[in-house]
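A.B. asks: First residue of the sequence shown: 47, per the working numbering; consecutive thereafter.
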Amino acid sequence: MLERFTIAVLLLACLPLCGCKRDAEINAIVAEIDAFTQELVRRVDSARNPSDGVDDAQKYFDSKKADLSAKMATLKSISGYRVSSETKWKMTRKLFDDKKRVAGLKVSHATALTQDEVFKAKLDKLVQDFVDLLSM
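#1: If you drop the 5 nearest sequence neighbours on each side, which residues of the same chain put their C-beta closer than 7 Å to that of residue 82?
#2: Looking at residue 152: is its Cβ nearer than 8 Å to the Cβ of residue 141?
#3: Whole angstroms is fine: what's the gap from residue 150's alpha carbon to residue 128's?
#4: According to the neighbour-count rule (16 or more other Cβ atoms, all chains shown, within 10 Å of its Cβ), is residue 164 buried or exposed?
#5: So, residue 104 versus residue 168, is the Cβ gap smaller than 8 Å?
#6: Which residue's Cα is closest to the Cα of residue 177: 155, 124 and 79?
#7: Go through the segment 113 to 151 residue by residue and report every complete run of the alpha helix (DSSP H) that reaches 4 residues or more, in order.
#8: Please confirm whether residue 179 and residue 118 have their CB atoms less than 8 Å apart.
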């Protein structure tokens, strides 16, 4: 009887460690956010007129915002023991890189920013919206 009890206790103690990792889910969400970031930046950089590109990118952002907000909420809700430290590090690094990439639009379009206040305001809003979305 004591032997069965000991085995049951050991199995229950190991249960949280088995099958609770959510690394794959986190990696999939981070990959989706990264693809979204690349598309957002591409829409601005590939436009003939950067201001039109920002308008297009803002529309794209707004169309995906609800879905990505839900995914960010999922990332925020996953507690530490269900995620490996390597995945946490990769997630943090990738989200930081994505923020940096979008903020880099200000550098790559610095000339247009100094010449067009409307463009500057639109780009500032896009960058801030993106950073707010990814803030953990």
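Cβ atoms here follow ideal geometry from the backbone N, Cα and C, with glycine treated the same way.
Given the structure is predicted, the values throughout are model-derived calculations rather than measurements.
C.D. replies: According to the structure data:
#1: Taken in chain order, the residues that qualify are 110 and 114.
#2: No. Outside cutoff.
#3: Residue 128 has its alpha-carbon roughly 33 Å from the corresponding atom of residue 150.
#4: So residue 164 ends up on the exposed side.
#5: Contact flag set, yes.
#6: Measuring from the Cα of residue 177, the nearest candidate turns out to be 79.
#7: Taking only runs of at least 4 residues, the alpha helix (DSSP H) segments lying wholly in the segment 113 to 151 are 131 to 149.
#8: Yes; because the gap between Cβ atoms is below 8 Å, this pair is in contact.
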